[in-house]
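Worksheet for the structure shown next.
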Amino acid sequence: MKTNIWIALGIIAAMVLAYLIHNMFPISSPMDKYLEEVEEAILAEEWGEVRTILRKIDREWKRSRLLISINNSRLDIQEFTRTLAVLQAYTKVEDRASAYAEAAHLKERWWGFAE
Numbered sequence: 394m395k396t397n398i399w400i401a402l403g404i405i406a407a408m409v410l411a412y413l414i415h416n417m418f419p420i421s422s423p424m425d426k427y428l429e430e431v432e433e434a435i436l437a438e439e440w441g442e443v444r445t446i447l448r449k450i451d452r453e454w455k456r457s458r459l460l461i462s463i464n465n466s467r468l469d470i471q472e473f474t475r476t477l478a479v480l481q482a483y484t485k486v487e488d489r490a491s492a493y494a495e496a497a498h499l500k501e502r503w504w505g506f507a508e
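To convert, take the position in the sequence shown, counting from 1, and add 393; that gives my numbering.
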């Protein structure tokens, strides 16, 4: 009987912990929208807008990286970070073709986290 109570308390504690973690790290993310916006801004060569969106992407990446790293390899995490850095570099020199290619690669990497 005492064991059943401990099991029930453990299950309740796990549910409360899952709820708290979900509130701290929500599953929904604006990253998909940001990735679409950055591609559109690159094609329009609106470099100021591209840099603004990249700051949002960087902020969202830092917020969600811990949760994503639970399910993905360290190499995948490093590759996303590297691709984001390369995209930021191409944006600084306003290289449209290379920036667009890196933005597409970044989006592909992001979607790969969901697999």
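Glycine included, each C-beta is placed from N, C-alpha and C at the ideal position.
Reduced DSSP category for residue 432 - H, G, I as helix; E, B as strand; rest coil:
Numbered from 1 along the sequence shown, position 39 holds the residue referred to as residue 432. Residue state, collapsed to three classes: helix.
What did DSSP end up calling residue 443 once you bin it into helix, strand or coil?
Mapped onto the sequence shown, residue 443 falls at position 50. Helix, per DSSP.
Buried or exposed: residue 408, going by 16 or more other Cβ atoms within 10 Å of its Cβ?
Here residue 408 corresponds to residue number 15 of the sequence shown, with the count starting at 1. With fewer than 16 other Cβ atoms within 10 Å, it is exposed.
Given residue 462, which residues of its chain have a CB within under 8 Å of its CB, disregarding the five upstream and five downstream residues?
Within the sequence shown, numbered from 1, the residue matching residue 462 stands at position 69. Excluding sequence neighbours, residue 462 sits near 470.
Tell me whether the beta-carbon of residue 444 lies closer than 8 Å to the beta-carbon of residue 476.
On the sequence shown, position 51 is the one that residue 444 refers to. On the sequence shown, position 83 is the one that residue 476 refers to. For residue 444 and residue 476, no; Cβs fall outside 8 Å.
To the nearest angstrom, how far is the alpha carbon of residue 456 from that of residue 447?
One-based indexing of the sequence shown puts residue 456 at position 63. One-based indexing of the sequence shown puts residue 447 at position 54. Distance between the alpha carbons of residue 456 and residue 447: 14 Å.
CA nearest to the CA of residue 439, picked from 484, 405 and 427
The residue you call residue 439 lines up with position 46 of the sequence shown. Residue 484 is the option with its Cα nearest to residue 439.
Rounded straight-line distance, which links the Cα of residue 507 to that of residue 486:
Translated into positions along the sequence shown, residue 486 becomes position 93. Translated into positions along the sequence shown, residue 507 becomes position 114. Their Cα atoms are separated by approximately 31 Å.
From residue 458 to residue 498, what distance separates their C-alpha atoms?
Counting from one through the sequence shown, the residue named residue 458 turns up at place 65. Counting from one through the sequence shown, the residue named residue 498 turns up at place 105. Computed Cα separation, rounded: 17 Å.
Nearest to residue 494 by CA position, among 467, 453, 405 and 433, is which residue?
Counting from 1 along the sequence shown, the entry for residue 494 is found at position 101. Among 467, 453, 405 and 433, the Cα nearest to that of residue 494 belongs to 433.
Alpha helix (DSSP H) segment containing residue 438, residue limits
Position 45 of the sequence shown, counted from the first residue, corresponds to residue 438. Taken as a continuous stretch (DSSP letters only), residue 438 belongs to no alpha helix (DSSP H), as it is neither H nor E.
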